[in-house]
Amino acid sequence: MSNYHFVVERSGIHTTFQDSGYEHLQHIGITTGGVVDNNLFKIANKLLDNDFNETIIEFAYQGPRLRLDKGKAHIVVTGDVHFMISKKSEDFSEKLGETFKTYQLNEGDIIDILATKSSVYGYFAVEGGFSINKYNNSGSTLVRSAIGPNDGKCIQENQLVKFNLKSIKKNLKQLSYFSDHKDNIIKVLEGPQINFFSSETIKNFFKRTFRISNNADRMGIRLEGNEILSKNSSNIPSEGIIKGSIQVPGDGNPIVLMTDHPTIGGYPKIATVILNDISKIAHLSVGKKIRFQKVSFETAEKLCDKNEKYLDKIFQSITTI
Amino acid sequence: MIKNINQISEQAFLLDFGGEITKEINQNVINVFYYVYEQIRKDNFLDLKNCVPSYNKLLLQFNPVKKNKNEIFNFINAIEVATIGLQTDHKEIEIPICYDEEFALDLHDVSIKTNIDEDMIIKSHLSTNFFVYMIGFMPGLPFMGDLQSNLSVSRLITPRVCVPSQSVGVVEKFCVIYPNESPGGWNIIGRTPIRLFFKNKKNPSLLKPGSNVKFRLISKKEFFELERDI
């Protein structure tokens, strides 16, 4: 283990270590977890030549302010993020950082990740990866279960964030292609309990808009503004849950389940957000309006393939600065 | 019997074993669960990511990028539930419980709702051979059954913001134990001094789907002694 580390001068909001999450543990109540935005996670590691599943830092709305206390580091920030870099050698004059571009930091330098712009989640990664204690081969923190790196906690002010460094590479890299088209239409598949809802209710579910409430986090996003009531019972025998499931509790305000979802759930599920649109809905901030659009499994699977090709195209566009 | 195989996402099938919540149906779910889970553990079978049993369903999460959905479907379709055999660990796990009023926050109310004396409720609870239908909601939390039908009560109208860890709760014919402090709407009738979830053990959860459980009465004095020793 190396001694190289950052000191956390400000923790940011819900700043945690994450990777692709947990497998084979949901049957004992440990959820899948992992990064909310898989593409931003993969791009960050690719830009740094890391393993594709190297643990990175995720934050929501505001990121951390980190001072490189010991060592040298290559870093990258991915997402729609506003951040500053202050170099000791330049008398700490603050310079605006660019996302999707790697930087070298030297001892004493500071990176201040001020805010995400028109999105919610952003990522910070370091070449060689962070030096953390994994749990069951995963570097994902499950804060509610107190499981994972950093004793299952969010990253705290004044703590050290250690990283591994083998030999720092000479080249800095950047992307020359990134397309981030945003609309507020969320594609969904028919849910397993769609029969709990009348055809009129289903029609309204797709026709009217919902609002993202302030009750939104890594576990789920509560929607408001379009009450959806089931025609009979608002409970089902609890069953296994998958990310993207849209549960409808008795009060009629649906919950879109995100990456830290409960392992089982007892509310009827009207629809499932397609994998491709999970990050789209997760990046919509409080008050934003959305509409659901039904698609077939075939379409959803095609979009999943298309995303893999899109990632390939991005990876191929990486150039040395 | 697997009644239906429904795809519910690009990455999941939900297997339906029948509409009711009975031990017989759940035992089928659990048998298939262990059958699949053992294969996953051996050689990353079909690249499955999770296999989650519940009362009457089994969720299978797969990797959509692998494009082996049809292979997984055919594998499930070929499972003959009757020939898999019982996969349950028959060893009975004993869980000490104290019903002192300090811990049994709702025992008095359950007695009023069911019109059964507190002593009789305790006696009935202690004599029940519990079966773990599933683990979930939070790490290590068991959903157990079946309580005698005359003890059936509904959820609290207003859930507690904070249920103390290791509290034992009942709703309808089911009984749960909260491994950690948590919000919750179950009627709390006692507390156990033993822990149910040890995150750093190889098998972190004391109980598994299909485990057999029996409660053993302890006094408040024994409760604190056991709690101290753990």
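Residue numbers (my numbering), protein chains in the order written: chain A, 992 to 1312; chain B, 8 to 237. The beta carbon of each residue, even a glycine, is placed where N, CA and C say it ideally should be.
Its chain contains K1037 as the residues whose beta carbon lies nearer than 7 Å to that of A/F1306, once the 5 sequence neighbours on both sides are disregarded; these appear in chain order.
With contact defined as three or more Cβ pairs closer than 8 Å, the segment 1022-1029 of chain A and the segment 1242-1255 of chain A are in contact. For A/C1295, the three-state secondary structure derived from DSSP is helix. Residues of chain A whose Cβ lies closer than 9 Å to the Cβ of B/F40 are, in chain order, H1018. Along the segment 1021-1067 of chain A, the alpha helix (DSSP H) occurs as fully enclosed runs of 4 or more residues at 1029-1038, listed in sequence order. Unbroken beta strand (DSSP E) stretches of 3 residues or longer found wholly inside the segment 1061-1137 of chain A: 1064-1069, 1072-1077, 1085-1087, 1094-1096, 1101-1107, 1112-1117, given in chain order. Counting C-beta pairs closer than 8 Å gives three or more between the segment 1267-1286 of chain A and the segment 1193-1205 of chain A, which meets the contact rule.
Contact between B/I102 and B/I201 holds: CB atoms are separated by about 6 Å, below the 8 Å threshold. When C-beta atoms of the segment 1055-1064 of chain A are compared with those of the segment 1101-1111 of chain A, three or more pairs fall below 8 Å, so the two segments count as touching.
Under the three-state reduction of DSSP output, A/H1252 falls in the coil class, being neither helix nor strand. When C-beta distances to chain B are compared with 9 Å, the residues of the segment 1236-1250 of chain A below that value are S1236, in chain order.
For the segment 1003-1035 of chain A, the set of residues with a beta-carbon nearer than 8 Å to any beta-carbon of chain B comprises E1014, H1015, L1016, Q1017, H1018, I1019, G1020, I1021, T1023, in chain order. The continuous stretches of alpha helix (DSSP H) do not include B/A111, and DSSP gives it neither H nor E. Between B/I225 and B/I91, the CB-CB gap reaches or exceeds 8 Å.
For secondary structure counted as the alpha helix (DSSP H) over 4 or more consecutive residues, the segment 15-101 of chain B holds these complete runs in sequence order: 30-50, 76-84, 88-91.
In the DSSP annotation of this structure, B/T199 is not part of any alpha helix (DSSP H), being labelled neither H nor E. Checking the DSSP bridge columns, you'll see B/C169 has no partner listed. The Cβ neighbour count for A/N1141, taken over all protein chains shown within 10 Å, is at least 16; the residue is labelled buried.
In the three-state reduction of the DSSP assignment, A/S1204 falls in the strand class, which pools E and B. At a C-beta separation below 8 Å, B/G152 has no neighbours in chain A, since its nearest C-beta there lies roughly 12 Å away. Chain order gives the chain B residues near A/P1183 as N13, I15, L21, where near means a beta carbon separation below 7 Å.
Looking at the backbone, the Cα of B/I79 and that of A/K1086 are separated by about 52 Å.
Within chain B, E17, P71, V72 have C-beta atoms less than 8 Å from the C-beta of A/C1295, given in sequence order. Annotation: A/G1216 has no Cβ neighbours in chain B at a cutoff of 9 Å; minimum Cβ distance is about 25 Å. Around the beta carbon of A/E1181, a 10 Å sphere encloses 16 or more other beta carbons of the protein chains shown; the residue is thus reported as buried. At a Cβ-Cβ threshold of 8 Å, B/V59 and B/V139 do not count as neighbours. At least one CB of chain A lies nearer than 8 Å to the CB of B/K206. Cβ contact annotation for A/K1304 (same chain, cutoff 8 Å, sequence separation greater than five): Y1168, in chain order. Looking at the DSSP output, B/G176 shares a beta bridge with B/V183, B/I195.
The shortest C-alpha to C-alpha distance from A/I1159 to any of A/N1217, A/Y1126, A/T1132, A/N1097 is the one to A/N1097. B/C182 has its alpha-carbon roughly 30 Å from the corresponding atom of A/F1188.
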